[in-house]
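**Student:** Can you keep this structure in mind? I'll have questions shortly.
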């Protein structure tokens with residue numbers, strides 16, 4: 448509408464071009480002369496944090512809406528898990544190497560699960576059940592790769608980190624986002640989520656999992672399937688029955704979660720939940 452609609456006032460992109468064509472003088476080279484929203488030094492000042500938070504919420508929201516994406520399936524999981532036969536690059540000792548290589552089965556299951564989601568997504572012209580990951584390596588790569596296997600688009604919500612985080616090659620480029628704020632990134636994960644699949648991972652995976660769990664448990668988010676891949680892994684990593692025994696959660700809160708070992712089991716749970 449903005450491109451085709453008439454207005455007597457110049458658009459911001461037009462004024463941006465005009466501001467670049469002025470004569471080169473000490474005045475026009477001064478930082479104060481730059482248009483405020485095109486001034487990186489100004490936009491990264493601490494006082495502008497509220498504006499940056501709003502922009503990080505708005506940019507992906509507008510692009511996903513323009514694309515027509517109405518719902519997603521989240522794949523959370525460890526960045527360090529290699530594909531079967533791949534190098535356990537994050538291992539610090541032989542035990543970690545063996546365990547990471549053993550857990551590579553979840554890379555393959557994540558890839559299969561993303562394929563199943565994406566094949567169903569095709570029925571809605573990729574508006575529903577679109578795969579979204581953190582955009583990085585490991586399980587995230589497997590999720591985007593599974594969608595790519597069947598020619599489907601997928602979303603990557605990357606974040607600037609000192610290590611482990613760069614977009615994997617399978618994220619749809621025009622749906623590859625980058626964040627500064629963890630909080631806004633996590634909002635975008637859940638804002639369209641119809642299902643949450645959680646694979647073995649570390650602190651980041653635990654954080655994303657428990658935040659989603661808390662939203663559902665407190666009624667701040669509608670009940671959606673929350674599926675943990677790897678019964679053996681999660682039964683050692685967390686003990687929700689113990690929390691219920693201690694009274695720190697309500698007995699029955701554990702039922703928010705389903706445990707599976709395979710992609711087929713997970714998709715069956717989603718299919719029954721939504722009567723697909």
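Numbering (my numbering), first residue to last: 448 to 723. Each residue gets a CB set at the ideal place from its N, CA and C atoms; glycine is no exception.
1. Any contact of the segment 555-566 with the segment 709-718, i.e. 3+ C-beta pairs under 8 angstroms?
2. Determine the burial state of residue 492: buried for a count of at least 16 other Cβ atoms within 10 Å of its Cβ, exposed for fewer.
3. Measure the Cβ-Cβ separation of residue 587 and residue 581 and say whether it is below 8 angstroms.
4. Taking the continuous alpha helix (DSSP H) assigned at residue 557, which residues delimit it?
5. Can we say the segment 632-647 touches the segment 508-526, given the rule of at least three CB pairs closer than 8 angstroms?
6. For residue 485, does the count of other Cβ atoms within 10 angstroms reach 16, so buried, or fall short, so exposed?
7. When the Cα atoms are used, what is the spatial distance from residue 619 to residue 515?
8. Would you decide whether residue 604 is buried or exposed? Buried here means 16 or more other CB atoms lie within 10 Å of its CB.
9. Consult DSSP for residue 546 and reduce its assignment to one of helix, strand or coil.
10. With a cut-off of 8 angstroms on the beta carbons, I'd call residue 589 and residue 568 a contact; round off their distance for me.
11. Consult DSSP for residue 603 and reduce its assignment to one of helix, strand or coil.
12. Find the nearest neighbour of residue 622 within the set 471, 664, 630, 635, judged by alpha-carbon distance.
13. Can you pull the DSSP bridge partners for residue 644?
14. For residue 617 and residue 595, which I take to be in contact (beta-carbon distance under 8 angstroms), what is that distance rounded to the nearest angstrom?
**Tutor:** Put simply:
1. yes
2. exposed
3. yes
4. Run containing residue 557: 552-568, per the alpha helix (DSSP H) assignment.
5. yes
6. exposed
7. For residue 619 and residue 515, the distance between alpha carbons rounds to 15 angstroms.
8. buried
9. helix
10. At roughly 17 angstroms, the Cβ-Cβ gap does not stay under 8 angstroms, so residue 589 and residue 568 are not in contact.
11. strand
12. The residue with the shortest Cα to Cα distance from residue 622 is 635.
13. Among the bridge pairs identified by DSSP, residue 644 is matched with 522, 674.
14. 4 angstroms
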